[in-house]
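Numbering (the numbering used here), first residue to last: 130 to 475.
Written out below as structure tokens is the structure these notes cover.
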Amino acid sequence: MSPQASSIFIISLLLGTTITASSNHWIMAWMGLEINTLAILPLISKSHHPRAIEAATKYFLTQATASTLVLFSSMTNAWSTGQWDITQLTHPMSCLILTSAVAMKLGLVPFHFWFPEVLQGSPITTGLLLSTLMKLPPITLLYMTSPSLNPTLLTTLAILSAAIGGWMGLNQTQIRKILAFSSISHLGWMVIIIIYNPKLTLLNFCLYTMMTATVFLILNTIKVLKLSTLMTAWTKIPSLNAMLLLTLLSLAGLPPLTGFLPKWLIIQELTKQDMAPAATLISLLSLLSLFFYLRLAYCTAITLPPHTTNHMKQWRTNKPANITIAMLTTMSIMLLPISPMIRTII
């Protein structure tokens with residue numbers, strides 16, 4: 130794909146995200162979602178591999194269905210209340226349909242089946258966009274309509290997402306699929322708190338975006354897509370592998386790394402809202418995803434391949450340090466000490 134075409138699609142993605150995030154009218158939000166969907170499709174299928182075409186087809190069908198449901202939900206609400214304002218979603222059926230549509234857009238359980246397959250069929254840079262930027266418009270719709278949504282339904286979706294995201298990631302060998310199930314699990318943490326403290330959801334999303342972007346950019350630099358190749362990639366750029374190890378542990382939510390901060394604040398908020406059982410359950414379910422993060426970390430830096438066959442060690446590259454990766458890695462690891470300042474912001 131030519132640089133001009135890539136830049137047009139990236140600008141369209143940013144435009145669609147901005148339109149959805151800044152709109153008050155349902156039609157404008159729907160238009161932003163459609164621009165996003167149409168702009169990401171060529172980026173998914175640019176390799177012309179059958180798996181990439183399949184991923185683009187699955188993505189298009191799912192997102193088209195979700196956009197139709199968003200339009201249907203807003204029309205039903207406008208029919209009963211005469212309001213097209215996003216924050217005035219009051220009709221119970223519209224709230225239910227919108228929750229289903231946003232869950233489908235995000236890849237929440239039980240509408241999660243498309244996401245690992247699409248991420249596996251996409252190039253790793255497109256996978257980064259799918260896991261981060263493409264989640265922002267649906268999250269902003271949830272943020273704006275959160276006072277009207279059903280708390281029981283959202284809590285159920287969140288706990289199921291944390292459970293399925295952790296459980297289905299256990300047996301994967303493809304790193305992109307592991308990161309897809311990691312995304313589903315993290316979305317569960319974001320959705321469970323959005324009614325009680327929406328700003329905490331946005332903080333969690335920002336930190337998750339930062340850590341996931343770090344992982345994807347490191348994997349793109351060392352050109353690794355499978356666990357078996359990750360085991361021998363430490364010879365390429367050893368310092369980068371050490372950073373990948375720490376970022377994965379941060380994604381797992383281990384203290385004293387950045388990823389511990391949103392989990393700690395969410396558990397604290399749930400306890401304040403008399404939801405201690407839900408907080409306990411989602412904390413226990415995060416142990417499932419901790420297992421595959423530790424597995425990735427173990428393959429990254431601690432073990433050699435346990436095979437009898439000889440593995441050819443890969444040449445160490447002399448690439449200059451990427452300032453973007455350096456900054457993202459630093460923030461993905463070291464933000465916990467300034468958590469009081471972050472707490473005052475939210």
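Note that beta-carbon positions come from the ideal geometry of N, C-alpha and C, so glycine has one too.
- Measuring C-alpha to C-alpha distances from residue 180 to each of 247, 365, 265 identifies 247 as the nearest.
- DSSP, read as helix, strand or coil, puts residue 355 in strand.
- Shortest Cα-Cα distance from residue 417 to any of 294, 466, 376 involves 294.
- Boundaries of the alpha helix (DSSP H) harbouring residue 295: 280-297, taken from the DSSP string.
- For residue 315, the three-state secondary structure derived from DSSP is helix.
- A contact is defined here as three or more CB-CB pairs under 8 Å, and the stretch 159-175 meets this definition with respect to the stretch 254-266.
- At a Cβ-Cβ threshold of 8 Å, residue 471 and residue 318 do not count as neighbours.
- Looking only at 468, 457, 251, 452, the smallest Cα-Cα distance to residue 178 is reached by 251.
- The bridge partners DSSP lists for residue 241 come to none.
- One Cα belongs to residue 164, the other to residue 273, and the distance between them is close to 20 Å.
- Taking residue 192 as the centre and dropping the five residues before and after it, the same chain places the C-beta of 166 closer than 6 Å to its C-beta, in chain order.
- DSSP places residue 217 in the helix class (H, G or I) of the three-state scheme.
- In this chain, the alpha helix (DSSP H) harbouring residue 376 covers 367-381.
- Non-local beta-carbon contacts of residue 372 in its own chain, meaning distances under 6 Å to residues more than five positions away in sequence, involve 458 in chain order.
- In this structure, the beta-carbon distance from residue 238 to residue 290 falls below 8 Å.
- Here residue 380 really is in contact with residue 340; their C-beta atoms are around 5 Å apart, less than 8 Å.
- The Cβ-Cβ distance between residue 148 and residue 161 falls below 8 Å.
- Following the DSSP letters along the chain, one finds residue 181 inside the alpha helix (DSSP H) bounded by residues 179-210.
- Residue 343 places its beta carbon less than 8 Å from that of residue 454.
- Within the same chain, 196, 199, 200, 203 come within 8 Å of residue 159 by CB-CB distance, once the 5 residues on both sides are set aside.
- If you check the CB distance, residue 391 and residue 336 come in under 8 Å.
- Using a Cβ distance threshold of 8 Å, residue 330 and residue 150 do not count as a contacting pair.
- Considering only 431, 234, 313, the residue with the shortest C-alpha distance to residue 356 is 431.
- Rounded to the nearest whole angstrom, the CA to CA distance from residue 155 to residue 146 is 14 Å.
- Straight-line measurement puts the Cα of residue 153 at about 22 Å from the Cα of residue 332.
- Around the beta carbon of residue 211, fewer than 16 other beta carbons sit within 10 angstroms, so the residue counts as exposed.
- Between residue 222 and residue 205 a beta carbon distance of about 6 Å is seen, short of the 8 Å cut, so the two are scored as contacting.
- Beta bridge pairing from DSSP links residue 397 with no other residue.
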